[in-house]
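Heads up, the sequence shown is in the numbering used here, so the first residue is 169 and it goes up one at a time. For reference, the structure is listed below as structure tokens.
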Amino acid sequence: MSDPVVSAGFSFQAKDRSEAFQFYFHQHWVRLVWPFLRLILWNVLIAGTGLTMVFGGTFDEPRTRHTILIILTTFFLLAHFEFLARFYHYLLYVIVVTDKRIHRIKKTLLTMDDQESTDLWVLQDIHKRQHGIIQNILGYGSLILQAQDTEVRIHFTPAINKRYAALTRLREQARVFVSRLEESFRKSRTP
């Protein structure tokens with residue numbers, strides 16, 4: 169978590185001037201394990217095919233070797249491009265928490281630019297879910313934020329116990345702040 173004093177000048181999309189930045193996080197790194205394993209598998213297959221072609225001696229015609237090299241290079245580039253796209257998607261999906269709202273920002277390099285905000289004081293309940301041994305060992309899970317009309321699920325939340333405690337504390341602070349505002353408003357309206 170980031171220190172709010174250190175990151176007071178932190179600015180992001182849809183931030184209100186009266187909001188004080190608290191912390192932000194990306195999804196857990198385990199989200200990248202399968203794309204990384206696929207990248208390694210593709211590299212092993214491509215390298216194995218290339219080495220078989222070079223040392224096997226089965227392809228003596230230069231045109232055949234060039235065609236196979238072009239195909240291998242294409243698969244190599246596609247595998248790396250897919251991993252790079254997944255990595256950027258991982259980096260550009262950010263949850264930003266302020267003292268008033270939770271902002272879920274999803275972006276891709278070209279096509280998507282979504283931003284969803286939920287006021288902390290309207291949250292009726294916050295649940296954390298950790299199902300399975302891996303989630304408990306690695307300390308990640310899902311946060312479920314329930315408001316009156318909506319339910320926001322934030323999957324692959326890292327350090328979920330810490331995030332859950334911080335969000336619960338911030339929700340209570342936001343509720344106290346809003347109740348004080350309502351009370352002062354009522355006092356100012358009564359003669």
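All C-beta atoms in this analysis are idealised placements derived from N, C-alpha and C, irrespective of residue type, glycine included. Keep in mind the model is a prediction, meaning the values are calculated, not measured.
For T241 and R343, I'd like the C-alpha separation in whole angstroms.
Looking at the two C-alpha atoms, the distance is approximately 58 Å.
How many angstroms separate the CA atom of M221 from the CA atom of R254?
M221 and R254: Cα-Cα distance of roughly 31 Å.
Excluding the five sequence neighbours on either side, which residues of its own chain have a C-beta within less than 6 Å of the C-beta of I312, listed in chain order?
These residues qualify, in order along the chain: H295 and R321.
Below 8 Å CB to CB, which residues in the same chain sit around D292 once its five sequence neighbours on both sides are set aside?
Correcting the residue identity first, residue 292 is Gln in this sequence and not Asp. Once the five neighbours on either side are set aside, the close Cβ partners of Q292 are Q314, A315 and Q316.
Starting from the Cα of P326, find the closest Cα among I263, K355 and R348 and give me that residue.
If we check each option's Cα against that of P326, I263 comes out closest.
Restricting to runs no shorter than 4 residues, where is the alpha helix (DSSP H) found entirely within the stretch 204 to 261?
Counting whole runs of 4 or more residues, the stretch 204 to 261 contains the alpha helix (DSSP H) stretches 230 to 259.
Only counting runs of 3 or more residues, tell me where the beta strand (DSSP E) segments fall wholly within the stretch 276 to 352, in order along the chain.
Fully enclosed beta strand (DSSP E) runs of 3 or longer: 281 to 287, 293 to 297, 308 to 314 and 319 to 326.
Keeping to the same chain, check which residues put their C-beta closer than 6 Å to that of Q250; ignore five residues upstream and five downstream.
In the sequence as presented, Gln is not what sits at residue 250; that position holds Glu. Cβ neighbours of E250 beyond the five flanking positions: none.
Count the other CB atoms, across all protein chains shown, that sit within 10 Å of the CB of L338; report buried if there are 16 or more and exposed otherwise.
Buried, since its Cβ has 16 or more Cβ neighbours within 10 Å.
If you drop the 5 nearest sequence neighbours on each side, which residues of the same chain put their C-beta closer than 6 Å to that of L207?
Counting only Cβ-Cβ distances below 6 Å, and skipping sequence neighbours, we find A247 and F251.
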